[in-house]
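Just so you know, the UniProt record's numbering puts 78 at position 78 of the sequence shown, and the rest follows in order with no gaps. For each residue, glycine too, the CB sits at the ideal point set by N, CA and C. Right, one structure below, let's go through it.
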Amino acid sequence: MDPPDFTSPPSPSSSSPPLASPEDADITNSNNNNNSSNNNGNDSNSNSNNHNSSSTTSNRNSCAASPEIPLTLSASVMLADLPRDATAALASAGELFPAHSKVVVKFKAVGSAPALQQDVCKISAGRKFEEVVRYLRRKLRCKETESVFLYVNSAFAPSLDEVVGNLHQCFKNAHDQLVVAYSITPAFG
């Protein structure tokens, strides 16, 4: 099947163009009612009103959404390099958490989860949240088949590849601690 030719003009039609919505029908009907009520034998006025009514309808129809034309991959734009600002931002993002900086993490047990003897620990800011999960599982002596659910600020479960320093920077409490609630069953979010 050939794609439609979008450059060809529409075929002439003796009937008026279709209405876009019921609201347009009300507007058009009220225009027609106004035309018939204002028709006092003045043909030139009647003709100009009819002309205005039809041009308004055709203007509405010309504003209809045009069909989407598919683009090929060769027509799309590809960046060879990141813009200078983005490159600088990415380079400086790694410098926010030097290797020696540590983040304080406070663990809170939720529900039937066992409490830790030491509920505060320090972890390197550049580490991933996956290491926090691994540390907690080790401290709780969980089997590999047991589940542990971790939530930041009792609100959401971050992904395992989140950087702990970023989480701390965004969600630390007044005591400069990242509060991580943990549970054996799903609890929040």
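Contact between Val148 and Leu178 is ruled out by a C-beta separation of about 17 angstroms, above the 8 angstroms threshold. Between the alpha carbons of Lys108 and Gln118 lies a gap of roughly 11 angstroms. Burial state of Phe129 is buried, judged by a 10 Å Cβ sphere holding 16 or more other Cβ atoms. Taking all protein chains shown into account, Pro186 has fewer than 16 neighbouring C-beta atoms within 10 Å of its C-beta and is therefore exposed.
Closest in alpha carbon position to Ala174, among His100, Val164 and Lys106, is Lys106.
Boundaries of the beta strand (DSSP E) around Leu150: Phe149 to Val152. The closest CA to that of Val103, considering only Ala113, Phe171 and Ser112, is found on Phe171. Relative to the Cα of Asp176, the nearest Cα in the group Leu160, His100 and Lys122 belongs to Lys122.
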